Each structure stands twice: as structure tokens, then as C-alpha cells.
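S.K.: The structure that follows is given in the form of C-alpha cells.
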Amino acid sequence: MQFNYKRLIPDQFTVLLTLVVIIATLLPAHGRGEVAIDWASKIAIALLFFLHGARLSRQAIFQGLTHWKIHLVIFSITFIVFPFIGIALRPVLEPMMTPTLYLGFLYLCMLPGTVQSAIAFTSMARGNLAAAICNASASSMIGIFVTPLLVAIVLTDFSDQVPSINLMSVLKIIVQLFVPFIIGHLLRPYLGGFLLRNKLLVKMVDQGSILLVVYAAFSHAVNEGLWRETPLSALIAVFFVSVLILAIALGVSHFIAKAMGFNLADRITILFCGSKKSLASGLPMAQVIFAGMPIGSIILPLMIFHQLQLMVCAAIANKLGQRPLTTEEIEAEAATN
3 MQFNYKRLIP DQFTVLLTLV VIIATLLPAH GRGEVAIDWA SKIAIALLFF LHGARLSRQA
63 IFQGLTHWKI HLVIFSITFI VFPFIGIALR PVLEPMMTPT LYLGFLYLCM LPGTVQSAIA
123 FTSMARGNLA AAICNASASS MIGIFVTPLL VAIVLTDFSD QVPSINLMSV LKIIVQLFVP
183 FIIGHLLRPY LGGFLLRNKL LVKMVDQGSI LLVVYAAFSH AVNEGLWRET PLSALIAVFF
243 VSVLILAIAL GVSHFIAKAM GFNLADRITI LFCGSKKSLA SGLPMAQVIF AGMPIGSIIL
303 PLMIFHQLQL MVCAAIANKL GQRPLTTEEI EAEAATN
């Protein structure tokens, strides 16, 4: 079976993200327009997390909870190993880029994992799907509380640049992300069928929300002089550092999973859930955590890392999905028929 090179081509959403950045650069929102876009992006993100909650199956949660050892490993990689990587690379990264870009990398390292792509790649590679669904969904919710805490601890050296993280900041994140998620999940019995029948509409809301937040963030950053203050050499450095961090994360995830004796399906789940960072969670939290700062340059590393992780993990998942069925997989498949 031949490798599908089309998986390495940027998808439609990535192209749209790039176009939005270009539009925000050429036509940034000003004055009342900027305020209106900011409010619209907040509402869109609340709707996004409402739909995430409405789509999450309770059965999938209970199925995944039995794999507590996997979750412990993945959360350790997401919230301990990743921040350590960002801090350890500081002597190398700071001379290569502006302070806000390095701040963006540190912030990236403290974010929760993705939901949709982690699940999709685990499924494509024939990993432990139940554990992936539970872990990816839990990661985005845990991140609402853990990420601000990590920011408050790790970014103490940036206290002159970053606003202090207080209870009000955490409450804002909870109100904007966690409350809509819980409401959506409680309404799942009434909305689940509709959302299942209208996947295209859900996808449009998902992607539209993120595009709106990106436009709002970059409009503000452009108005504050983002591109004047960011040299081309720094942008090139962002790309190569993103490649480096992703390679380290994938390598560490694979090594830990293998060293702890997990079977292949579980190792695949750890690989794809442990190495990813969420754009959907990272953008709205950045608006609250870095309020008053030009967050365009802070979220730029996340946007580049996001595309890289999709392209690289698609290639890995495609390769793993082509492997012959193991005896364990054949027996499991026979049991379900």
C-alpha cells in the first residue's frame, strides 16, 4: 500500500487560517469594529465549547475511565514534560527570537491537548479509541484550570510583561469555556441527534469560531505593530523551533509508552494524545491570560505548531494504519462480529 502524500498538503482550514492572518494584516479592525469583533469571538468560543460538551458521549467517558494508567501518562506528558521542554530550551530560544515569541512557546507548552485531531489520528492508526476520546475531552477541561496555574508558576520571570493570574482571570476562563461545555453536555440527550445529523454545520461553527478569534487577535496585534517588531529571522526561528519541540514531544511520548510496557494500541493513543496542543483552547485562554498584551505574536508559535502537528501526525497515523492486523486485533474484531 502506497503512502498518501495528500495528507501532507495543508488542509482547507489551514489555508483559511493563513488568509485570515493576511486579511487582519491588511484590514485590521479598528475602534468600535475591534470591540464588536472581540465580543463576537467570545460568543463564538462559548458556542464552540457548548457543542464540544453536547457531542461528548457519557458512555465514552465511562469506557475511557477504566484506562487510568494511560491518562496519568498522557497528562504527565501534557502538563509536566512539555513545560519542562519549554523551560529547558530557554537558553537556546531567547537569543533567537523576540521575548513575546518565546513567551508564546512557553504558553504553548502549558496548553491542554487537542480533541478532534487526537481522536481522529488514534482511530486512523488503530489505537485505543475509547481511551483517546476520554483523555482528549478530559484534557481540554482540565486545561481550563491547570494552564492558568502553570502560567502563574512558570512565567514569574515575565512578571513585568504578563498580567498576574488571579481568581478573576480563572473565573473568566471558567465562564467562557467550562460552563458552556457543561451546559452542552447536560443538553446532549436533546441535541445529540441533531448534531450527529448536521456534522457540516458543527464543523463550520468549530472552524468559524477559531478563525474569528485569530482575526481579532491579529487585528489587535497589527494595530500594536506586530510585523514591525518581528523580524523575518525570528519567524524562521519559530518554524524550526516548532519542529524541534514536536520531535521531542513525539520521541518522549513513544519512549515513555514503550518503557512502561503498554501494548501497541495504548502506545498509539499516548503518542497522539500526548504530543498535541490545542488551538481551540489556547486562543480564548490567551485572550484572558494576556489581556492588554499584543497576543498575536504570543499565539503565532501555537498556530505554526498546530499545522505542523497535523501534517506530521497524519503521516505517522497513515503509516501505522497500514500495518498488518495483530493477533489481538483479529480476536477483538471477531468478538464484535
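For the sequence shown, our numbering assigns the number 3 to the initial residue and increments by one for each residue that follows.
Just so it is clear, CB atoms sit at the ideal spot from N, CA and C, and this is done for glycine as well.
Since the model is a prediction, treat every value here as computed from it, not as a measurement.
1. CA-CA distance, Leu327 and Ala319?
2. Classify His32 as buried or exposed, calling it buried when 16 or more other Cβ atoms lie within 10 Å of its own Cβ.
3. Tell me the rounded alpha-carbon separation between Leu248 and Tyr104.
4. What are the boundary residues of the alpha helix (DSSP H) that Val215 is part of?
5. Counting Cβ pairs closer than 8 Å, one from the stretch 127-147 and one from the stretch 269-280, do we hit at least three?
6. Using only the alpha-carbon positions, how far apart do Ile270 and Thr124 sit?
7. How far does the alpha helix (DSSP H) with Ser142 in it extend, from its first residue to its last?
8. Let's test the definition: count the other Cβ atoms within 10 Å of the Cβ of Ala48 and tell me whether it reaches 16, buried, or not, exposed.
9. Can you give me the start and stop residues for the alpha helix (DSSP H) that Leu74 sits inside?
10. Give the straight-line distance between the Cα atoms of Gly195 and Val243, rounded to the nearest whole angstrom.
11. Of the residues Leu131, Leu58, Asn225, which one's Cα is nearest the Cα of Thr27?
12. Taking the alpha carbon of Phe241 as the reference point, which residue from Phe52, Met99, Gln61 has its own alpha carbon closest?
13. Run the CB neighbour count on Val94, radius 10 Å, all protein chains shown included, and call it buried at 16 or more, exposed below.
14. In terms of residues, what are the limits of the alpha helix (DSSP H) holding Ile121?
15. Does the pairing of the stretch 186-206 with the stretch 51-59 give three or more beta-carbon distances under 8 Å?
16. Between the C-alpha atoms of Ile89 and Pro296, what's the straight-line distance to the nearest angstrom?
17. Within the continuous alpha helix (DSSP H) that includes Gln309, where are the two ends?
18. Just how far apart, CA to CA, sit Trp229 and Ile72?
19. Am I right that Thr16 and Lys279 are in contact with their C-beta atoms under 8 Å? What's the rounded C-beta distance?
20. Alpha carbon to alpha carbon, how far is Leu198 from Leu110? Give it in angstroms, no decimals.
21. Which two residues bound the contiguous alpha helix (DSSP H) that contains Ile47?
22. Tell me which residue opens and which closes the alpha helix (DSSP H) that Gly276 is part of.
23. Measure the C-alpha to C-alpha separation of Gln324 and Ala239 and round it to an integer number of angstroms.
24. Could you tell me the boundaries of the alpha helix (DSSP H) in which Gly88 lies?
25. Going straight from the alpha carbon of Gln39 to that of Leu213, what length do you get?
M.R.: Taking the definition as stated:
1. Take the alpha-carbon of Leu327 and the one of Ala319: they are about 15 Å apart.
2. Result: exposed.
3. Cα to Cα, Leu248 sits roughly 16 Å from Tyr104.
4. Here the alpha helix (DSSP H) through Val215 covers 201-225.
5. As far as the Cβ criterion goes, the stretch 127-147 touches the stretch 269-280, which means the pair count is three or higher.
6. Answer to the nearest angstrom: the Cα atoms are 6 Å apart.
7. Element bounds for Ser142: 131-156.
8. Buried, because 16 or more other Cβ atoms sit within 10 Å of the Cβ of Ala48.
9. It spans 70-78 - the alpha helix (DSSP H) in which Leu74 sits, taken as one unbroken run.
10. The straight-line gap from Cα to Cα measures roughly 43 Å.
11. It is Asn225.
12. Ranking Phe52, Met99, Gln61 by Cα distance to Phe241 puts Met99 first.
13. That one is exposed.
14. Counting along the chain, the alpha helix (DSSP H) containing Ile121 begins and ends at 118-126.
15. The stretch 51-59 and the stretch 186-206 touch, with three or more beta-carbon pairs separated by less than 8 Å.
16. Approximately 22 Å between the Cα atoms of the pair.
17. 297-323 is the extent of the alpha helix (DSSP H) around Gln309.
18. Spanning the two alpha carbons is a distance of roughly 42 Å.
19. Rounded, the Cβ-Cβ distance is 15 Å, inconsistent with contact.
20. Distance between the alpha carbons of Leu110 and Leu198 is about 31 Å.
21. Unbroken alpha helix (DSSP H) run through Ile47: 33-57.
22. 266-276 is the extent of the alpha helix (DSSP H) around Gly276.
23. Cα to Cα, Gln324 sits roughly 34 Å from Ala239.
24. 84-90 is the extent of the alpha helix (DSSP H) around Gly88.
25. The residue asked about is misnamed: residue 39 is Ile in this sequence, not Gln. Answer to the nearest angstrom: the Cα atoms are 11 Å apart.
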